[in-house]
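In order, the protein sequence lines correspond to chains A and B. Each residue of the first sequence is one higher than the one before, counting from 5 in the numbering used here. Each residue of the second sequence is one higher than the one before, counting from -7 in the numbering used here. Just below is one structure, and these are the notes that go with it.
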Amino acid sequence: MKDQELQDWIDGSFNSVATDAELELLEERLLHDEVARKHYLNEANLHASLRRRFSAGEARLSLLLDPPNVGRLSFSRRKVVVGLAVAASVALIASFFDRYVAKSPPTAVIAHVIGAYDEDGATYEAGDTVSPGVFKILRGVARLDFSSGARVSVEGPAQVEVIDEMKVILNQGVVTATIPEPAVGFVIDTPTAHVVDLGTSFGVSVDTAGLTDVYVFDGEVEVSSRDGRKAGAVGKLLREGEAVRTDGKSTPIDTLAYDVSPFEATWPVNSGVLQTTGSMRFVTPGPNFHPGNHVDNKHIVVFPERRGFVPAEPTHVDMVDPGRYERRRNEELPVLLPEQRLTSYLLQLNAFPEGEKPNRRRSVRGQITFAKPIVGVVMANRLLKKSEEVFGIPGVEYPGARMIEPRPEGDQGRGFDSVILAADRRTLLIELQENPGNLDQFRVLVEAE
Amino acid sequence: MVDQVPDSSRYEEFVSLYVRHEPAVFSFVLSMVRNTADAEDVVQRASITMWRCFDRYESGTNFRNWAFQVAKNTALNHLTKQRRDRHVFGEKLIELLAVQVEEQADHLDARRRALDSCLEKLPEEEHEMVAGCYAEGSSIRSFAEQVGESANKIYKRLNRVRRQLHRCIERQLGLEEATG
Chain A
5 MKDQELQDWI
15 DGSFNSVATD
25 AELELLEERL
35 LHDEVARKHY
45 LNEANLHASL
55 RRRFSAGEAR
65 LSLLLDPPNV
75 GRLSFSRRKV
85 VVGLAVAASV
95 ALIASFFDRY
105 VAKSPPTAVI
115 AHVIGAYDED
125 GATYEAGDTV
135 SPGVFKILRG
145 VARLDFSSGA
155 RVSVEGPAQV
165 EVIDEMKVIL
175 NQGVVTATIP
185 EPAVGFVIDT
195 PTAHVVDLGT
205 SFGVSVDTAG
215 LTDVYVFDGE
225 VEVSSRDGRK
235 AGAVGKLLRE
245 GEAVRTDGKS
255 TPIDTLAYDV
265 SPFEATWPVN
275 SGVLQTTGSM
285 RFVTPGPNFH
295 PGNHVDNKHI
305 VVFPERRGFV
315 PAEPTHVDMV
325 DPGRYERRRN
335 EELPVLLPEQ
345 RLTSYLLQLN
355 AFPEGEKPNR
365 RRSVRGQITF
375 AKPIVGVVMA
385 NRLLKKSEEV
395 FGIPGVEYPG
405 ARMIEPRPEG
415 DQGRGFDSVI
425 LAADRRTLLI
435 ELQENPGNLD
445 QFRVLVEAE
Chain B
-7 MVDQVPDSSR
3 YEEFVSLYVR
13 HEPAVFSFVL
23 SMVRNTADAE
33 DVVQRASITM
43 WRCFDRYESG
53 TNFRNWAFQV
63 AKNTALNHLT
73 KQRRDRHVFG
83 EKLIELLAVQ
93 VEEQADHLDA
103 RRRALDSCLE
113 KLPEEEHEMV
123 AGCYAEGSSI
133 RSFAEQVGES
143 ANKIYKRLNR
153 VRRQLHRCIE
163 RQLGLEEATG
């Protein structure tokens, strides 16, 4: 091939000296020129063969050798199948697989289940491993933690095909995914869409006709419709607070109003909350979402804050042991040493005057169960402010005075707030007095997952 | 759904197929990701997926094409992550390469087989240069430093040697065709 320009681009691209502009030119050429592509594959093949020939690839494997294991596997057919010359590398690679594949972590593990049943009516259990294949859930919620770090909560009825630790196909159902840095690029395919995570939390729902809705809670994802993708169209970039719907055909993809109610069951599980009951709601975040601007005077709302975070200094809290919250003197305050990874949540009841009897006082009750033990609860206004510096979401302006008023010792009156940490150390039973104009807030520190 | 202990004959079948076709898979992956270190990572991840999904491979069908599919998906994941930092090939080209690599696979195998005798024919100095540049953990730059030459000079010389190797391989294949 006497095409010097093409040859230069190819040489440059395999030796990491080509510029982005040259790579784009090469790509353009390869897209439209089959002969150039053929030549390119020959070049790749020569580079690969030389690398295999001279890099000590087998020596690299042999470093992993565990001599007692080599003979353990019997390769009765190996001479027939691959011949003597290859037998040595069969043994090498076999031992490599033996050590690193057979014992490598499963594709995913079921981390939490909430009344989750398979199609035969058997319950799923936390700790079950999930291999590539079809995962069906008839009802309830199960959270799959993938070895890549991706967390996907699935609400039944759903059918998910697990491809590997970086990809699933959602044929039907509702999922919420939280993708940490190492798993960026995690893919959820549906019958009508292709969703690529770019570092984020998002929800996908697929109905029985395959219609796909995608909601981004945080970060960015790229969505393309089935047909758009076949035609080579560029995917649509979705940011926090945006949503789209596709039937696979329509291009461009339709934008949807942001309504996260379909994900109310899966999002909390993804965020470390197993259950909320009574007048308690776990809020699915949206754009510009923070405790100060959330309006809801009928529910105790739960905001996830910082996750998996080790504070630099000891943290004073109001409560660490099971029982009912009571006010303590300063010197009695328990201290959490800065040695544990914690996740924080802010719980809030924001009562504001409303309706015919704006000054009526009521109480709002609820219960919340976290996936991990609660290590401390911060109630007093001063401690709350101080803990905000460490556990608050950066950039969020937290409100001024907050009040949790427990019943003073000996007082028999009504109208006090009550917060009880249950003996399981994961559940809080909460009753807050709705006092118009008052903001009730407290912070719960939970062992990080 | 729940992991099963691999059946040992199935395991042997996998290992022997994998060993036979790994060079083709590595070559295909390198064409997609263009960097040997990245290609090695991708191939290792793909091989783990292949073993995990091996129950979906039907004995007697084309393992190489099945392995290409798994490798393509693994490479696409890898490229998606890299896309934020630098230019990488788009999915459309990857799909075209995947189609063509299947068509060309036997030819590429033949070229790999022909390479050994062509390497033997290289003058010692050039053989050493190729070995030095493609060795584990080394690069054109590190080899150039080692022999006290400029990287640019080695880069050009190496490109020239690769041209020679291509010509030699093609002659050999032509010869084989003529005599076969």
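Beta carbons: idealized from backbone N, C-alpha and C, even for Gly. Keep in mind that this is a model prediction, so the values were computed, not measured.
List the endpoints of the continuous alpha helix (DSSP H) containing residue i.
{"i": "A:R55", "result": "E38 to F58"}
{"i": "A:N19", "result": "Here A:N19 belongs to no alpha helix (DSSP H), and DSSP marks it neither H nor E."}
{"i": "A:V188", "result": "Looking at the DSSP string, A:V188 is not in any alpha helix (DSSP H), and its letter there is neither H nor E."}
{"i": "A:F420", "result": "Premise fails: A:F420 is in no alpha helix (DSSP H) and is neither H nor E."}
{"i": "B:Q92", "result": "E83 to K113"}
Sorted by chain position, which residues of the same chain lie with C-beta nearer than 6 Å to residue i's C-beta, five sequence neighbours on each side aside?
{"i": "A:S209", "result": "V178, D217 and P266"}
{"i": "A:S422", "result": "E435"}
{"i": "A:L328", "result": "Note that residue 328 of chain A corresponds to Arg in the displayed sequence, not to Leu. If we look at A:R328 and ignore the five residues flanking it on each side, its Cβ neighbours are I424."}
{"i": "A:I372", "result": "T280, M284 and L432"}
{"i": "A:Y128", "result": "I114, V117, A120 and A146"}
{"i": "A:T180", "result": "S157, G207, F267, T270, W271 and N274"}
{"i": "A:S367", "result": "E435 and Q437"}
{"i": "A:A154", "result": "I183, A187 and F190"}
{"i": "A:S228", "result": "H198 and G239"}
{"i": "B:C160", "result": "C110"}
Residues of chain A with CB closer than 9 Å to the CB of residue i, please, in chain order.
{"i": "B:E50", "result": "Chain A residues near B:E50: none, gap ~15 Å exceeds 9 Å."}
{"i": "B:G166", "result": "Neighbours of B:G166 on chain A: none; closest Cβ ~14 Å, over 9 Å."}
{"i": "B:F60", "result": "Within chain A, no residue comes near B:F60; the closest Cβ sits about 12 Å away, beyond 9 Å."}
Name, please, each residue of chain B whose Cβ falls closer than 7 Å to the Cβ of residue i.
{"i": "A:F18", "result": "R26"}
{"i": "A:K459", "result": "In this structure chain A extends from 5 to 453, so residue 459 of chain A is not present and cannot be described."}
{"i": "A:G189", "result": "N69, T72 and K73"}
Going by beta carbon distance, what residues of the same chain come within less than 7 Å of residue i, once the five residues before and after it are set aside?
{"i": "A:Q45", "result": "Sequence inspection shows Leu at residue 45 of chain A; the Gln mentioned does not correspond to that position. Correct list: empty, nothing qualifies."}
{"i": "A:I118", "result": "G144, V145, V273, L278 and Q279"}
{"i": "B:D30", "result": "H70"}
{"i": "A:E123", "result": "K140 and L142"}
{"i": "B:F20", "result": "F60, A63 and V93"}
{"i": "B:W43", "result": "F6"}
Quick one: using the 10 Å Cβ neighbour count with 16 as the cut-off for buried, is residue i buried or exposed?
{"i": "A:V314", "result": "exposed"}
{"i": "B:Q156", "result": "exposed"}
{"i": "B:R66", "result": "Correcting the residue type first, residue 66 of chain B is Thr in the shown sequence and not Arg. By the neighbour-count rule (16 or more Cβ atoms within 10 Å), B:T66 is buried."}
{"i": "A:A375", "result": "buried"}
{"i": "A:E438", "result": "buried"}
{"i": "A:P136", "result": "buried"}
{"i": "A:D70", "result": "With a pLDDT of 29 at A:D70, under the threshold of 50, the predicted position of this residue should be treated as unreliable, and no value is reported."}
{"i": "A:A427", "result": "exposed"}
{"i": "B:V91", "result": "exposed"}
{"i": "A:A261", "result": "exposed"}
{"i": "A:V39", "result": "exposed"}
{"i": "A:H51", "result": "buried"}
{"i": "B:T53", "result": "exposed"}
{"i": "B:L85", "result": "buried"}
{"i": "A:N49", "result": "buried"}
{"i": "B:E4", "result": "buried"}
{"i": "A:D149", "result": "buried"}
Check the Cβ of residue i against every Cβ in chain A and list those closer than 8 Å, keeping chain order.
{"i": "B:L88", "result": "L34, L35 and R41"}
What are the start and end residues of the beta strand (DSSP E) that includes residue i?
{"i": "A:F221", "result": "T216 to S229"}
{"i": "A:S367", "result": "R366 to F374"}
{"i": "A:M461", "result": "It is not possible to answer for residue 461 of chain A, since the shown part of chain A is limited to 5 through 453."}
{"i": "B:I226", "result": "Chain B is shown from -7 up to 172; residue 226 of chain B falls before or after that span and cannot be answered."}
{"i": "A:F307", "result": "I304 to P308"}
{"i": "A:G144", "result": "R143 to F150"}
{"i": "A:N301", "result": "Looking at the DSSP string, A:N301 is not in any beta strand (DSSP E), and its letter there is neither H nor E."}
{"i": "A:R406", "result": "Careful: A:R406 lies outside any beta strand (DSSP E) and carries neither H nor E."}
{"i": "A:P161", "result": "R155 to D168"}
{"i": "A:R447", "result": "L443 to E451"}
With a CB to CB cut of under 8 Å and the five nearest residues on each side skipped, what residues in its chain are close to residue i?
{"i": "A:G75", "result": "Residue confidence for A:G75 is low, a pLDDT of 31 falling below 50, so the modelled location carries little weight; the figure read from the coordinates is stated next. Cβ within range, chain order: n/a, list empty."}
{"i": "A:L337", "result": "H320, V321, D322 and L387"}
{"i": "A:P3", "result": "Because chain A spans 5 through 453 in this model, residue 3 of chain A falls outside it and cannot be assessed."}
{"i": "A:A130", "result": "I114, A115, H116 and V117"}
Under 7 Å Cβ-Cβ, which residues of chain A neighbour residue i?
{"i": "B:L85", "result": "E31, L34 and L35"}
{"i": "B:L22", "result": "A48, H51 and A52"}
{"i": "B:A123", "result": "F58"}
Name the chain B residues whose beta carbon is nearer than 9 Å to that of residue i?
{"i": "A:K236", "result": "Just to set this straight, residue 236 of chain A is Gly in the shown sequence, not Lys. Chain B residues near A:G236: G82, E83, K84 and E87."}
Residues of chain B with CB closer than 8 Å to the CB of residue i, please, in chain order.
{"i": "A:R147", "result": "Correct list: empty, because the minimum Cβ distance to chain B is about 15 Å."}
Checklist line | Meets three-Cβ-pair contact criterion under 8 Å: the region 427 to 436 of chain A and the region 5 to 13 of chain B | finding: no
Margin query: For the region 244 to 260 of chain A against the region 193 to 205 of chain A, do three or more pairs of beta-carbon atoms, one drawn from each stretch, fall closer than 8 Å, so that the two count as touching?
Written below: yes
Next item on the list: Decide if the region 67 to 79 of chain B is in contact with the region 128 to 140 of chain B; the criterion is three or more beta carbon pairs, one per stretch, under 8 Å apart.
Entry: no
Next item on the list: Taking 8 Å as the threshold, find out whether the region 28 to 40 of chain A comes into contact with the region 21 to 39 of chain B through three or more Cβ pairs.
Entry: no
Note to self: For the pair the region 49 to 60 of chain B and the region 103 to 116 of chain B, tell me if three or more CB-CB distances fall below 8 Å.
What the structure shows: no
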